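Worksheet: one structure, shown below.
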Amino acid sequence: MRIVGYAADEGFRARLEGAAATSGSELTLVQPAEGGSAANDDQFFALLRTHPDAALLEMRPGLLERTREEAVARGIAVVVACRSDDEARRAIREGAEEWLLVDATETEIASRIEGACERLRRTAKPSAARAAADHLRYEELLYDRFTGFPTLPVMIERGREMLDTRGRLTLLYIEFVRYSKLEEIYGWEKLDEVLQTTASAVRDFYARYDGDSAMMVSHTGDDDFIFFADIAQEEAEKRINEMTVSLETDVRARLETEHGEDIAGLFEIYVGSVTLFRNPKIRTERIIYRGIREAAQAARSVESRERARKVADLKDTLREGAVYIVYHPIVVTETREVFGYEALARGVHRALRSPEVMFGVAEEANLIWELSRLCRRKAIEGMEEQLKPEHLLFINIDPHDFRDPTFRYLDLDDLGVDEPGRIVLEITERTAITDYPTFQGYLKEFRDRGFRFAVDDAGSGYAGLGSIANLEPDFIKLDISLISGIDANFMKQNLVETMVQFANDHNIKVIAEGVEREEEWETVKRLGVHFTQGFLFHNVAAQAAQTNAALKAMAAE
4 MRIVGYAADE GFRARLEGAA ATSGSELTLV QPAEGGSAAN DDQFFALLRT HPDAALLEMR
64 PGLLERTREE AVARGIAVVV ACRSDDEARR AIREGAEEWL LVDATETEIA SRIEGACERL
124 RRTAKPSAAR AAADHLRYEE LLYDRFTGFP TLPVMIERGR EMLDTRGRLT LLYIEFVRYS
184 KLEEIYGWEK LDEVLQTTAS AVRDFYARYD GDSAMMVSHT GDDDFIFFAD IAQEEAEKRI
244 NEMTVSLETD VRARLETEHG EDIAGLFEIY VGSVTLFRNP KIRTERIIYR GIREAAQAAR
304 SVESRERARK VADLKDTLRE GAVYIVYHPI VVTETREVFG YEALARGVHR ALRSPEVMFG
364 VAEEANLIWE LSRLCRRKAI EGMEEQLKPE HLLFINIDPH DFRDPTFRYL DLDDLGVDEP
424 GRIVLEITER TAITDYPTFQ GYLKEFRDRG FRFAVDDAGS GYAGLGSIAN LEPDFIKLDI
484 SLISGIDANF MKQNLVETMV QFANDHNIKV IAEGVEREEE WETVKRLGVH FTQGFLFHNV
544 AAQAAQTNAA LKAMAAE
């Protein structure tokens with residue numbers, strides 16, 4: 004269930020958050036302006052256009068009436084927080100599905116909201132339901148369901164008015180990149196969560212903007228934004244730079260807080276801008292559309308320059324050894340006792356903090372072998388301090404690494420490996436294995452020296468059954484997309500159970516990646532998964548502490 008809340012009382016807001024958490028609901032809160040004014044009403048009504056299940060608001064003259072108009076068209080249950088019996092009676096007269104007092108408990112808040120939604124479902128007439136469905140289909144073409152922002156066709160008239168009235172219009176094209184990579188790694192459910200977080204940060208940014216402006220998406224479901232603003236030409240560059248830095252800082256901080264450093268590391272923003280001037284000879288709408296294309300091209304030019312800068316940063320990283328390792332625990336599922344650690348490399352340069360970004364840049368710059376060597380060395384150097392003697396170390400290896408003579412003929416003494424049996428090489432398959440007989444020969448050489456192997460990302464589309472059969476691994480790591488939400492997905496449970504049975508028949512151990520909630524851990528434990536890994540055992544705070552310690556140690560060297 005999705006809830007949008009609009010209330011000023013701090014105690015009530017806290018209890019509403021608790022009620023949403025208890026019921027497993029998704030809650031978005033809007034903070035009313037000082038003195039109960041209508042300054043933030045637009046933000047609240049924009050969220051109603053994302054079609055939540057319920058809207059909860061404090062009683063205020065005129066607010067309930069407008070909320071009901073918006074809610075009826077979208078099939079949203081309206082719940083009103085009241086301060087007296089008189090307000091409660093008025094709320095019911097004005098059409099609210101439910102009311103409650105602002106000092107209500109978390110349990111009562113949750114039950115009242117659930118009751119309002121159920122009551123609305125039961126009383127909705129078929130004709131009204133069809134009308135609401137038709138309205139929803141129409142509105143989805145005009146408003147983005149994640150952000151509530153209108154699409155460009157809705158706002159083109161607003162841009163025309165600004166340009167005709169002032170004679171100029173500053174247009175920003177805000178491009179968020181690498182979100183497709185995030186979906187590839189973590190699955191569409193996680194991407195949807197990240198888009199919700201991003202949308203919330205963009206809404207807050209827009210609410211703070213002081214001046215005549217309009218924010219929109221180019222079309223529904225897009226993760227790029229278009230911003231119309233009235234900015235004087237002489238200060239345009241400075242203001243745009245300030246806005247870009249502010250937005251990037253806000254979104255990145257929100258992503259780190261809610262989703263962790265790995266997710267935030269994939270986030271990048273590029274902004275292209277153009278100032279348009281009214282020309283009586285050219286249709287105003289055409290000026291705006293041409294300006295949007297120009298600003299989008301400018302954003303892509305910024306991305307190209309940033310890519311060149313990242314390559315330069317990577318070369319500095321290789322020269323200075325500016326990589327540190329974060330060790331993620333892998334635990335015995337039954338006991339939660341640490342079994343080993345996966346070594347995850349991070350670049351000291353902020354732009355290369357994400358391993359996906361860092362290795363992507365290395366691949367583009369043909370420096371993948373050099374980066375892999377550095378990361379392996381750093382991971383093994385930290386074994387003595389970070390791992391106990393009985394712990395295994397899991398290191399990510401790309402199939403291309405086996406073509407690197409330095410890796411193929413690895414000198415264990417030079418690398419500092421005393422016990423190869425403690426090293427598990429994870430075959431990540433960032434690149435496809437095209438010659439299995441040759442690759443199996445590489446693996447045999449390493450097995451004969453004592454190394455063990457794991458197939459990473461099983462179930463993601465990369466590491467299929469063919470890879471498992473051909474590589475004969477010691478461990479199978481189930482991809483996060485297969486584990487996320489497994490407690491509520493019986494098909495995922497059946498797949499994992501089958502994989503565990505297969506692994507047991509072939510003396511292979513299964514590791515579930517991406518376990519973030521107790522319910523997921525309980526489920527994989529019940530299914531017989533041998534080991535688990537995820538933020539439930541190495542949370543955001545633990546990773547941040549480990550990162551800070553590593554950076555301080557490197558700075559002191």
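Going by the numbering used here, the final residue of the sequence shown carries number 560, and the count climbs one at a time with no gaps. A virtual CB, placed ideally from N, CA and C, is assigned to each residue, including glycine. If you're wondering where the values come from, they're calculated on a predicted model, not measured in any experiment.
| Asked | Found |
| --- | --- |
| Taking only runs that begin and end inside the stretch 4-91, name each unbroken alpha helix (DSSP H) of 4 or more residues, in chain order. | 13-26, 44-51 and 66-77 |
| Between the stretch 374-394 and the stretch 292-307, do three or more beta carbon pairs fall short of 8 Å? | no |
| Can you tell me where the beta strand (DSSP E) with ASP147 in it begins and where it stops? | Careful: ASP147 lies outside any beta strand (DSSP E) and carries neither H nor E. |
| What residue range does the beta strand (DSSP E) around LEU103 cover? | 101-104 |
| Alpha carbon to alpha carbon, how far is ASP215 from THR287? | 18 Å |
| Can you list the beta strand (DSSP E) stretches of 3 or more residues lying completely in the stretch 225-260, in chain order? | 227-232 |
| Does ILE479 get closer than 7 Å to chain D when you measure Cβ to Cβ? | Given the protein chain composition of this structure (a single chain), no chain D is represented. |
| Please state the DSSP three-state secondary structure of PRO283. | coil |
| What is the DSSP secondary structure of SER114, reduced to helix, strand or coil? | helix |
| Buried or exposed: which applies to TYR541, given that a residue is buried once 16 or more other Cβ atoms fall within 10 Å of its Cβ? | The sequence given here has His at residue 541, not Tyr. HIS541 is buried by the Cβ-count criterion. |
| Hey, how far is the Cα of ARG211 from the Cα of MET218? | 12 Å |
| Does the stretch 448-458 come within contact of the stretch 312-325, defined as at least 3 CB pairs closer than 8 Å? | no |
| Rounded to whole angstroms, what is the Cα-Cα separation between ASP213 and PHE231? | 13 Å |
| With C-beta atoms as the reference, is GLY263 less than 7 Å away from ARG356? | no |
| Using a Cβ-Cβ cut-off of 7 Å (strictly less than) and excluding sequence neighbours within five positions of GLY350, which residues of its own chain qualify? | THR320, ALA325, VAL326, ARG356 and MET361 |
| Around the C-beta of ALA235, are 16 or more other C-beta atoms found within 10 angstroms, so that it is buried, or is it exposed? | exposed |
| Strictly by DSSP, which residues pair up with LYS480? | ILE514 |
| For ARG455, which residues does DSSP report across the bridge? | VAL427 |
| Just curious, the alpha helix (DSSP H) that PHE505 is in, first and last residue? | 493-508 |
| Can you tell which of ALA107, ARG379 and ASP451 has its C-alpha closest to the C-alpha of GLU429? | ARG379 |
| According to DSSP, simplified to helix, strand and coil, what is VAL532? | coil |
| So the alpha helix (DSSP H) PHE538 belongs to, where does it begin and stop? | First-last for PHE538: undefined, no H or E at that position. |
| Report the three-state DSSP secondary structure of PHE179 (helix, strand or coil). | strand |
| Less than 8 Å between C-beta atoms, sequence neighbours within five positions excluded: which residues of the same chain meet that for PRO156? | LEU145 |
| Consult DSSP for SER216 and reduce its assignment to one of helix, strand or coil. | strand |
| Look at the alpha carbon of THR336 and the alpha carbon of GLU523, and state the distance between them as a whole number of angstroms. | 11 Å |
| Suppose you measure from the CA of GLU97 to the CA of LEU60; what does that come to, to the nearest Å? | 13 Å |
| Residues in the same chain with beta-carbon distance under 6 Å from ARG281, minus the five sequence neighbours each way, listed in chain order, please. | LEU166 and GLY170 |
| According to the Cβ coordinates, are ALA80 and ALA24 closer than 7 Å? | no |
| If we count the other Cβ atoms within 10 Å of its Cβ and call it buried at 16 or more, is GLN536 buried or exposed? | buried |
| Within its chain, find whatever has a CB closer than 6 Å to the CB of ASP56; leave out the 5 residues flanking it on each side and keep chain order. | MET4, ARG5 and CYS120 |
| Which partner residues of TYR330 appear in the DSSP bridge assignment? | ALA346 |
| Please state whether DSSP places PHE270 in a helix, a strand or coil. | coil |
| In whole angstroms, what is the alpha-carbon distance linking GLN504 and VAL334? | 20 Å |
| DSSP has ARG96 in a bridge; who is on the other side? | Beta-bridge pairing links ARG96 to no other residue. |
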